[in-house]
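These notes concern the structure reproduced below.
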Amino acid sequence: STYDYVPVRISVTDLAGRTLISAAGDPDTGADEDLTNDWSKSWTEGTTWIDDAFGGTLTSRTDSIYDDDDFDGTTEDNDNGRVTEVRRYHAIPTGTGTLGLNYHLTAYKYDSDTGRRTHAIVVVSGTATDNSMELVTETLYDQLGRVTQTNQGVSDTDSDMSTDYDSYPTLQRISKSLFDEWDNTTDRNPEPGSGNEGVGDGRVTGRYRYDGSGDNDAVRTDYHHDYRGRLRGTARAGHNGTAWATTGPYPVHDYDGQGRQIAVASYDDEPDWTGTVVDDVDYAAAEGTDRVTLSKTNYDPKGQVWSTERHEINISSGADDGAMTTDHWYDAAGRQIKSKSPAGLFSKTLYDSAGRVAATAGCFDDDETTYGVAGNLAGDTVVGLDFTEHDKAGRAVKVYKGTALGSTWTGTNPDPNSGSGGNMVAVAKQWYDADHNGTGSDSRPYLTGSSRIVAGYTGTTPGTGDHYVLTKFEYDSAGMQSKMTEPAGTGTTGSGNYTTTTYDALGRQAIASTYDSSDTTLGKVEHAYGTTPRRTSTKVHKENSSQYRITLYDYDAQGRLRQQTGTGYGLTKWMYDDYGRLTGTYRGWLLDPTSDPYTVNSDDSVHEQTIPFYDDVGRVWMTQHFQRHDDATGTGVLDLPGGDDPTARVTYTVNWFDDVGRTEKVAYYGDNDDTDIPNKSYDFDGGGNDYDDAELVTGTGTYVLTQYAY
């Protein structure tokens, strides 16, 4: 078929089968249905050879360079077959282009002895190593090649990693994995959480996610396996300054002999993993002590899930007080044809002769008890029915809604209104032709138009004209939707207001403009990306004028939004620690447009700020909310009340958690320049890590405490 309206996919490989270039393009002679004359064999190797070889315009391009140990863009002689550079083009040049201006770069470095990848360097911004920002991720391995630790750091624009990318910034430990931990004292049993690695089956038994530089500044997760390698349960732990302490919930999984999960329960007290859980195949299903949740899965002889159970657990005793069961039925081909909810409502699925989903129905029948009627609607009370009609390419072309298909409907006669009793209404239609309305003779590979039934129509057999409004879609040579025309009224192909959209080579939206049917501009939105992979600004224009509102975005090397500035310099900043945890959100006004986006400083007039505090297992247990006094002076972060020059009032939100990690209580305390806010003072009596710190300013007034029961 012709391909003048879709991009041609191009993959260039070397003699070793490695992909050098993955691209797409719009061929100059696409309408002749012949690809051979769009690719020239008479090209000379060099920086412009892809441009010389392809007869058309490239719309996307990604280059992979191998064994380029000095990162000069050329393959070296060692021929280890390792990719060292990946270039993703956002503005396709003639030739290879320039870092930042034309492409984004990720560089990789390897261990010369083992060949393992040790560093990934993502160039976040800039055009050269002496003015760019890089995110560096280091991976450490053990002697068996297993990943044991990940470190990460940022080389900012004031640092030069050198052209070989071997001058690394300070790297922080982010995560660590331990394998086959065991009790090295007496019984020599597996003991996740002990920190003693041994020789075993190579399973990960512990993972640490760090929030500080110390060995104990982390949240630890222990993994408990049985002797067949199946994960029976996990436990999360934090260090309280003296020792590691686990916290609930503690999930436990049961498996059958084929390795399928048949039950999962959670407990509010840590079970005896090695002595009991690992050896008891039915622990979750049978052990009620300290159990708070339980669900089960049942399989038929063909391995299909025929029912799932969600049990009601008595929190006081852990006893099983009953279950809500959902049942499933399948046809001979293994397709699900019916499910029954705990309340008795059926969900049935009907298929056409090509095996496609033709209809789905919500229904019920108190007398339906046999498998033979599970696959049809005979005798059912139908409360809702959706029917989808497909074309020969398998694409959805019509969607009907109603409550009855008609008495003679079959999978080989997919007419939703056949025979008596059919009341289906076509509520939406999809078009794939050049005329955007189903009248064109040629078929496009993508959606060109869609229509929906007008509101208020009450008939059962709507036509294709006045009963519908139609929307028209058009695409550019890269296959991206470039124009959408809204309906101007019923019975006409989209001829109302329309929106045009342009994209860069990475498929990112650049400009979206909206016009009325007379081509008068109604509005325009522009997005800029600069030399970074992320959006740096958005301009929203007022109708067809040059006036606009602009929003500026600043990101850090990890891709996190750090500063957002609006028209008039309204400001929001987000601060993080070196380990990725949010440490504060600040709102106010930017006094100097050149202010450092990664700190809160004297260029920022902060009016509100929110500071979270974390417990040993990474949960936010307290949040401080600051609001600036109207007559406050000074810039930068807001101060706590009670000082020599308080600048804000502050309220505290404190959360208590139960043994399975659910919110148990929430309390609020407010202070305004060392004066308690009436009816908002609390004497916190909860336990847990640093909860006493919530009494930053105590009061004696009556308090209202929100509590939760499960």
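Quick note: the sequence shown uses the UniProt record's numbering, first residue 1, plus one each step.
Here a beta-carbon is modelled for each residue, glycine too, at the ideal position from N, C-alpha and C.
Segment limits, alpha helix (DSSP H) that includes residue i
| i | result |
| --- | --- |
| ALA53 | 49 to 53 |
| TYR283 | 283 to 286 |
For residue j and residue i, believed in contact at Cβ under 8 angstroms, the rounded distance
| i | j | result |
| --- | --- | --- |
| TYR227 | GLY248 | Contact flag wrong, Cβ pair sits at about 25 angstroms. |
| VAL136 | SER155 | 6 angstroms |
| ARG209 | ALA237 | Wrong, their Cβ atoms sit about 11 angstroms apart, outside the cutoff. |
| GLN558 | LYS573 | That pair is no contact at about 15 angstroms. |
| ASN240 | ASP616 | 6 angstroms |
| SER605 | GLY588 | 5 angstroms |
| VAL277 | ARG203 | That belief does not hold up - the Cβ atoms of VAL277 and ARG203 are roughly 16 angstroms apart, past 8 angstroms. |
| GLU134 | VAL123 | 5 angstroms |
| GLY402 | MET424 | 4 angstroms |
| GLN609 | TYR586 | 5 angstroms |
| residue 727 | ASP380 | The shown model of the chain, from 1 to 710, leaves out residue 727, and the question about it has no answer. |
| residue 712 | GLY670 | With the chain covering only 1 through 710, there is no way to say anything about residue 712. |
| ALA396 | THR388 | 5 angstroms |
| THR163 | PHE71 | 6 angstroms |
| VAL399 | VAL427 | 6 angstroms |
Status (buried if at least 16 other CB within 10 Å, exposed otherwise) for residue i
| i | result |
| --- | --- |
| LEU178 | buried |
| MET324 | exposed |
| ASN102 | buried |
| PHE684 | Interpretation of PHE684 is limited by its pLDDT of 41, a score under 50 that renders its predicted location unreliable; no figure is taken from the coordinates. |
| ASN184 | exposed |
| TYR710 | exposed |
| LEU345 | exposed |
| SER451 | buried |
| TYR371 | exposed |
| VAL383 | exposed |
| TYR708 | exposed |
| SER353 | exposed |
| PRO301 | exposed |
| residue 749 | This structure cannot speak to residue 749, because the chain is shown only from 1 to 710. |
| ASN189 | exposed |
| GLU312 | exposed |
| GLY634 | exposed |
| THR531 | buried |
| ALA84 | The sequence given here has Thr at residue 84, not Ala. Burial call: buried. |
| PRO27 | buried |
| VAL600 | buried |
Beta-carbon gap between residue i and residue j smaller than 8 angstroms
| i | j | result |
| --- | --- | --- |
| ALA285 | ALA263 | yes |
| VAL292 | PRO271 | no |
| TYR555 | ARG581 | no |
| GLY55 | ASN37 | yes |
| ARG87 | THR62 | yes |
| ASN544 | THR567 | no |
| LEU58 | GLY95 | no |
| PRO7 | GLY584 | no |
| ASN497 | ASP466 | no |
| ASP180 | GLY193 | no |
| MET484 | THR502 | no |
| residue 711 | GLY375 | Residue 711 lies beyond the stretch modelled for the chain, which goes from 1 to 710, so this question has no answer here. |
| TYR432 | TYR475 | no |
| ASP290 | ASP254 | no |
| THR207 | SER175 | Thr is not the amino acid found at residue 207; the sequence shown has Arg there. A contact, by the Cβ cut-off of 8 angstroms. |
First through last residue of the beta strand (DSSP E) which encompasses residue i
| i | result |
| --- | --- |
| SER517 | SER517 -> no beta strand (DSSP E), and no H or E assigned at all. |
| PHE71 | Looking at the DSSP string, PHE71 is not in any beta strand (DSSP E), and its letter there is neither H nor E. |
| LYS176 | 172 to 179 |
| MET246 | Here residue 246 is Thr; the residue named in the question, Met, does not match the sequence. From DSSP, the beta strand (DSSP E) with THR246 extends over 244 to 247. |
| LEU135 | 133 to 141 |
| PRO416 | Counting along the chain, PRO416 falls outside any beta strand (DSSP E), and DSSP gives it neither H nor E. |
| ARG452 | 449 to 453 |
| ILE337 | 336 to 340 |
| LYS398 | 396 to 402 |
| GLN152 | 147 to 155 |
| TRP431 | 425 to 431 |
| GLU312 | 305 to 313 |
| TYR503 | 498 to 503 |
| ILE21 | 19 to 27 |
| PRO359 | According to the sequence as given, residue 359 is Ala; it is not Pro. It spans 357 to 364 - the beta strand (DSSP E) in which ALA359 sits, taken as one unbroken run. |
| THR349 | 346 to 351 |
| ASP320 | 320 to 330 |
| MET484 | 481 to 485 |
Test: residue i CB closer than 8 angstroms to a CB of chain D
| i | result |
| --- | --- |
| SER307 | Of the protein chains in the structure, only one exists, and it is not chain D. |
- Query: Taking the runs of the beta strand (DSSP E) that are 3 residues or longer, which of them lie wholly in the region 573 to 657?
  - Reply: 582 to 590, 604 to 614, 620 to 628, 648 to 657
- Residue ranges of each beta strand (DSSP E) run of no fewer than 3 residues wholly in the region 175 to 243, ordered along the chain? 204 to 210, 218 to 225, 231 to 239
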